[in-house]
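First the structure, in the form of structure tokens, and then the observations on it.
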Amino acid sequence: MSSAHRSRLEWRCRRGMRELDVILMRYMKHHYDGAGQTEKASFETLLSLQDPEIYDLLTGRILAEDEDIRHVIQRILANSRPENH
């Protein structure tokens with residue numbers, strides 16, 4: 013991945029909600045590079061959503077219709093705790 017593409021993704025991880033910033037940036041920093049192409053694409057799709065929808069997906073208030081999005085959400089949540097790093 014080019015450094016410009018990575019920088020754009022990191023910028024897109026910076027949301028209007030601090031909680032989302034922390035969780036998304038932690039995933040980006042620690043897990044994105046090792047993810048498969050499908051997971052990377054799903055993460056980028058997730059970033060295209062509005063903050064309230066991302067928040068609702070990550071808190072379980074709503075369930076993603078797309079199975080690949082559900083998978084990346086599970087990975088983000090499983091790796092969102094500081095002790096996992």
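The sequence shown stops at residue 97 when you use the numbering used here, and every number in between is there.
Where is the CB? At the ideal position from N, CA and C, for every residue including glycine.
The DSSP-derived three-state label of Asp68 is helix.
Assigned with DSSP and collapsed to three states, Glu22 falls in helix. In this structure, the beta-carbon distance from Cys25 to Met13 does not fall below 8 Å. The region 62-70 makes contact with the region 19-33; the number of CB pairs closer than 8 Å reaches 3 or more. In its chain, beyond the 5 residues on either side, Asp68 have a beta carbon closer than 7 Å to the beta carbon of Ile74. Buried is the label assigned to His43, since at least 16 other Cβ atoms lie within 10 Å of its Cβ.
Annotation for Asp33: Arg26 and Arg27 place their beta carbon closer than 6 Å to its own, counting only its chain and skipping 5 residues before and after.
Classified as buried, Ser54 has 16 or more neighbouring CB atoms from the shown chains inside 10 Å of its CB.
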